[in-house]
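Chemist: Read in order, the letters of the sequence shown correspond to residues 10 to 373 in our numbering.
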Amino acid sequence: MLREEFTKTFPAQPDNWVDETIRNLIQKVATGAGMSRNLCREEAESGMRLLLDKKIPDVQAAVFLVGLRMKRETDEELSGMLDALLTSPPRIFSSTEELLHISDNYNGYARYLPVSPFLPPLLASCGVPTLIHGTQGLGPKFGLTASHVYSSAHVKVDMTTTTAMTSIENRGWAYIDQTRFHPKLSALLPLRNLIIKRTALHTLEGFCCPVQGRKKTHYMGGYVHQNYLPSYLHLARQSGYHSALIVRGLEGGCIPLLHKRSYFGHYDSSAEDKISHTGHDLLSSSHLQSLRIRKNPKESLQDCMQYGIDALRGRDSPFRMPLLLTVALVLKHLGRVSSLEEGQALANQKMKNGQAIEYFNASS
10 MLREEFTKTF
20 PAQPDNWVDE
30 TIRNLIQKVA
40 TGAGMSRNLC
50 REEAESGMRL
60 LLDKKIPDVQ
70 AAVFLVGLRM
80 KRETDEELSG
90 MLDALLTSPP
100 RIFSSTEELL
110 HISDNYNGYA
120 RYLPVSPFLP
130 PLLASCGVPT
140 LIHGTQGLGP
150 KFGLTASHVY
160 SSAHVKVDMT
170 TTTAMTSIEN
180 RGWAYIDQTR
190 FHPKLSALLP
200 LRNLIIKRTA
210 LHTLEGFCCP
220 VQGRKKTHYM
230 GGYVHQNYLP
240 SYLHLARQSG
250 YHSALIVRGL
260 EGGCIPLLHK
270 RSYFGHYDSS
280 AEDKISHTGH
290 DLLSSSHLQS
300 LRIRKNPKES
310 LQDCMQYGID
320 ALRGRDSPFR
330 MPLLLTVALV
340 LKHLGRVSSL
350 EEGQALANQK
360 MKNGQAIEYF
370 NASS
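#1: Cα separation between His163 and Phe369?
#2: What do you get for Val233, buried or exposed, if any count of 16 or more other CB atoms within 10 angstroms of its CB means buried?
#3: Under the DSSP definition of a beta bridge, which residues are partnered with Gly230?
#4: Do Val256 and Leu109 come within 8 Å of each other at the CB atom, strictly closer than that value?
#5: Thinking just about the alpha-carbon of each residue, which of Leu238, Ala356, Gly249 is nearest to the one in His224?
#6: Since Arg301 sits in a beta bridge, which residues does DSSP pair it with?
#7: Which of the three DSSP states is assigned to Ile264 in this structure?
#8: Of the residues Pro138, Tyr184, Ser160, Ala209, which one's Cα is nearest the Cα of Glu54?
#9: How far does the beta strand (DSSP E) with Leu184 in it reach, from first residue to last?
#10: Looking at C-alpha atoms only, which residue of Leu77, Tyr115, Leu61 is the closest neighbour of Pro98?
#11: Would you mind reading off the limits of the alpha helix (DSSP H) that contains Leu109?
#12: Between the segment 120-138 and the segment 235-254, do at least 3 Cβ pairs fall closer than 8 Å?
#13: Counting C-beta neighbours from all protein chains within 10 Å, is the total for Val68 16 or more, i.e. buried, or is it exposed?
#14: Between Gly323 and Gly363, what straight-line distance do the alpha-carbon atoms span, to the nearest angstrom?
#15: On the CB-based measure, 16 or more other CB atoms within 10 Å of its CB, does Lys341 come out buried or exposed?
#16: Buried or exposed: Ile205, going by 16 or more other Cβ atoms within 10 Å of its Cβ?
#17: Please state if the CB of Leu132 and the CB of Ile302 are separated by a distance shorter than 8 Å.
#18: When you compare only the Cα positions, how much space is there between Thr175 and Ser103?
#19: Does the separation of the CB atoms of Leu87 and Thr212 fall below 8 Å?
#20: Mind checking whether Ala377 and Leu349 have CB atoms under 8 Å apart?
#21: Nearest CA to the CA of Leu259: which residue from Ser195, His157, Arg270, Ser373?
#22: With 16 other CB atoms within 10 Å as the buried threshold, where does Phe151 fall?
#23: For a test of the three-state rule: what should DSSP assign to Thr349, helix, strand or coil?
#24: How would you call Gly262, buried or exposed, if buried means at least 16 neighbouring beta carbons within 10 angstroms?
#25: Which residues share a DSSP beta bridge with Ser285?
#26: For Glu106, count neighbouring Cβ atoms within 10 angstroms of its own Cβ and tell me buried if that reaches 16, exposed if not.
#27: In three-state terms, what does DSSP make of Thr139?
#28: Excluding the five sequence neighbours on either side, which residues of its own chain have a C-beta within less than 7 Å of the C-beta of His157, listed in chain order?
#29: Judging by CA-CA distance, which residue of Lys359, Gly76, Arg120, Arg58 is the nearest neighbour of Leu197?
#30: Give me the Cβ distance between Ser285 and His251, rounded to the nearest whole Å; I'm assuming they're in contact under 8 Å.
#31: Between the alpha carbons of Asp312 and Leu147, how many angstroms are there, rounded?
#32: Could you tell me which residues DSSP pairs with Ile101 in its beta bridges?
#33: Are Ile264 and Val124 close, meaning C-beta to C-beta below 8 Å?
#34: Quick check on Lys63: does DSSP put it in helix, strand or coil?
#35: Would you give the residue range spanned by the alpha helix (DSSP H) that Tyr159 belongs to?
#36: Name the two residues that bound the continuous alpha helix (DSSP H) containing Gln364.
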């Protein structure tokens, strides 16, 4: 009797009120402490496809992402989600034989000035065509991004994949925003900002840029926690990168920790994953302080531009040594030089003879 009265008062929900797939996935990953279960690769992929195709309400998408993060995503789950992300934007191949992708902090820098936006022109001047990608802004940090720096320097930040490819072929480097190379993933940015905390998408989005080198595409990124490094190397392989260089850097970016020994993971097509380090500290703690972000964002952006331009011109700058060492790491990793010292000497030469700043100005 009670059951009958209940159903009269509260009619049953229609059969299609919730996608059955996401219901099952959420019931697995968001059950609670010690009770949540891992997804297989195919299940994680199907869940990610529902998010990308906007087939489920935002609240269910958020519960799915947060549930995965609270129990901690497995490598199999990350691989499945990446499978879905990689199928959306079609790959486009440049006439450039080799291309380096730089995936720096998508949510920007909140403690240290971003040095990485000045890497691509310096690398291009050293003969390494480079594509850097990111977003204009993303939580939880909402820090200074490459997009902010380039916009301030009047470098184009709204290139399509086609125009970015042309820029790489003609000028040696380009920046491309996530809104351009993966609009479905970019459409999730408002939801991700509402979630506040990091999700698996913060880990995966850097592996999704579709612009490829004709023969080889290399990956460079950063990490904070040592236990994530094997996963990042695995994801780079899954994404089809010929090689990867993943650095334990400032704020998890790709600029090494120069005030102490900095570790990095790497592989190439003929080798297993390796972990190496840069050696002893190269910067004093006082030098590191000069890289600190100010409280005023406009002043920090002005500092960043001044330091970056001065470094590319071969002048004294807090950015000079970080740029020299990072470029040397890349050149050695790619087999262009035999030692870090040789790589730094080549990069320094490009700064001194004006080629580095020419490459930077060519994209403005």
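Ideal Cβ positions, reconstructed from N, Cα and C, are used throughout, including at glycine.
Modeler: In this structure, then:
#1: Translated into the one-based positions of the sequence shown, residue 163 becomes position 154. Translated into the one-based positions of the sequence shown, residue 369 becomes position 360. Here the C-alpha atom of His163 lies approximately 11 Å from the C-alpha atom of Phe369.
#2: Translated into positions along the sequence shown, residue 233 becomes position 224. Its Cβ having fewer than 16 others within 10 Å, Val233 is exposed.
#3: Within the sequence shown, residue 230 is the residue found at index 221, counting from 1. Beta-bridge pairing by DSSP links Gly230 to Ile255.
#4: Position 100 of the sequence shown, counting from 1, holds the residue named residue 109. Position 247 of the sequence shown, counting from 1, holds the residue named residue 256. The answer is no: Cβ separation not under 8 Å.
#5: Residue 224 sits at position 215 when you count from the first residue of the sequence shown. Residue 224 is actually Lys in this sequence, not His. Considering only Leu238, Ala356, Gly249, the residue with the shortest C-alpha distance to Lys224 is Gly249.
#6: As a position in the sequence shown, residue 301 is number 292, starting the count at 1. According to DSSP, which records beta bridges pairwise, Arg301 is partnered with Tyr121.
#7: Numbered from its first residue, the sequence shown carries residue 264 at position 255. Assigned with DSSP and collapsed to three states, Ile264 falls in coil, not helix or strand.
#8: Here residue 54 refers to the residue found at position 45 of the sequence shown. Closest in C-alpha terms to Glu54, from the list Pro138, Tyr184, Ser160, Ala209, comes Ala209.
#9: On the sequence shown, position 175 is the one that residue 184 refers to. It should be noted that the sequence gives Tyr, not Leu, for residue 184. Element bounds for Tyr184: 182-186.
#10: Translated into positions along the sequence shown, residue 98 becomes position 89. With distances taken between Cα atoms, Pro98 lies closest to Leu61.
#11: The residue you call residue 109 lines up with position 100 of the sequence shown. The continuous stretches of alpha helix (DSSP H) do not include Leu109, which lies in the beta strand (DSSP E) extending over residues 107-112.
#12: The answer is no - the segment 235-254 does not touch the segment 120-138, with fewer than three Cβ pairs under 8 Å.
#13: The sequence position of residue 68 within the sequence shown is 59, counting from 1. Under this definition Val68 is an exposed residue.
#14: Position 314 of the sequence shown, counted from the start, is the residue given in the question as residue 323. Position 354 of the sequence shown, counted from the start, is the residue given in the question as residue 363. If I take the Cα positions, the gap works out to 8 Å.
#15: Residue numbering aside, residue 341 sits at position 332 when the sequence shown is read from its first letter. Result: buried.
#16: Translated into the one-based positions of the sequence shown, residue 205 becomes position 196. Exposure of Ile205 is indicated by the presence of fewer than 16 other C-beta atoms within 10 angstroms of its C-beta.
#17: The residue you call residue 302 lines up with position 293 of the sequence shown. The residue you call residue 132 lines up with position 123 of the sequence shown. Not closer than 8 Å, so no.
#18: Here the question's residue 175 lines up with position 166 in the sequence shown. Here the question's residue 103 lines up with position 94 in the sequence shown. Taking the straight line from one Cα to the other gives about 8 Å.
#19: Locating residue 87 in the sequence shown gives position 78, where the first residue counts as 1. Locating residue 212 in the sequence shown gives position 203, where the first residue counts as 1. Cβ distance < 8 Å, so Leu87 and Thr212 count as in contact.
#20: Summary: the structure shown does not reach residue 377, with the chain confined to residues 10 through 373, and so no result is reported for it.
#21: Walking along the sequence shown from the start, residue 259 turns up at place 250. The residue among Ser195, His157, Arg270, Ser373 with its C-alpha nearest the C-alpha of Leu259 is Arg270.
#22: Along the sequence shown, one-based indexing puts residue 151 at 142. That one is exposed.
#23: Position 340 of the sequence shown, counted from the start, is the residue given in the question as residue 349. One point to set straight first is that residue 349 is Leu, not Thr, in the sequence displayed. The three-state reading of DSSP puts Leu349 in helix, counting H, G and I together.
#24: For this step, residue 262 is matched to residue 253 along the sequence shown. Looking at its Cβ environment, which holds 16 or more other Cβ atoms inside 10 Å, Gly262 is buried.
#25: Within the sequence shown, numbered from 1, the residue matching residue 285 stands at position 276. Paired residues: Phe273.
#26: In the sequence shown, residue 106 corresponds to position 97, counting from 1. Here Glu106 is exposed. Its C-beta has fewer than 16 other C-beta atoms within 10 Å.
#27: Position 130 of the sequence shown, counting from 1, holds the residue named residue 139. In the three-state scheme derived from DSSP, where H, G and I count as helix and E and B as strand, Thr139 is classed as strand.
#28: As a first step, residue 157 is located in the sequence shown; it is residue number 148 there, counting from the start. So the list reads Leu310, once near-sequence residues are dropped.
#29: Taking the sequence shown and counting its residues from 1, one reaches residue 197 at position 188. Ranked by how close their Cα comes to the Cα of Leu197, the residues Lys359, Gly76, Arg120, Arg58 have Arg58 in first place.
#30: As a position in the sequence shown, residue 285 is number 276, starting the count at 1. As a position in the sequence shown, residue 251 is number 242, starting the count at 1. The Cβ separation is near 18 Å, so there is no contact.
#31: Against the sequence shown, residue 312 aligns to sequence position 303. Against the sequence shown, residue 147 aligns to sequence position 138. Using only the alpha carbons, I get a separation of about 22 Å.
#32: Here residue 101 corresponds to residue number 92 of the sequence shown, with the count starting at 1. Val220, per the DSSP bridge assignment.
#33: Looking up residue 264 in the sequence shown gives position 255. Looking up residue 124 in the sequence shown gives position 115. Cβ atoms of Ile264 and Val124: closer than 8 Å.
#34: The residue labelled residue 63 in the question sits at position 54 within the sequence shown. Looking at Lys63 - three-state DSSP - the assignment turns out to be coil, as it is neither helix nor strand.
#35: Here residue 159 refers to the residue found at position 150 of the sequence shown. Per DSSP, Tyr159 belongs to the alpha helix (DSSP H) from 155-161.
#36: Taking the first residue of the sequence shown as 1, we reach residue 364 at position 355. Per DSSP, the unbroken alpha helix (DSSP H) holding Gln364 starts and ends at 364-371.
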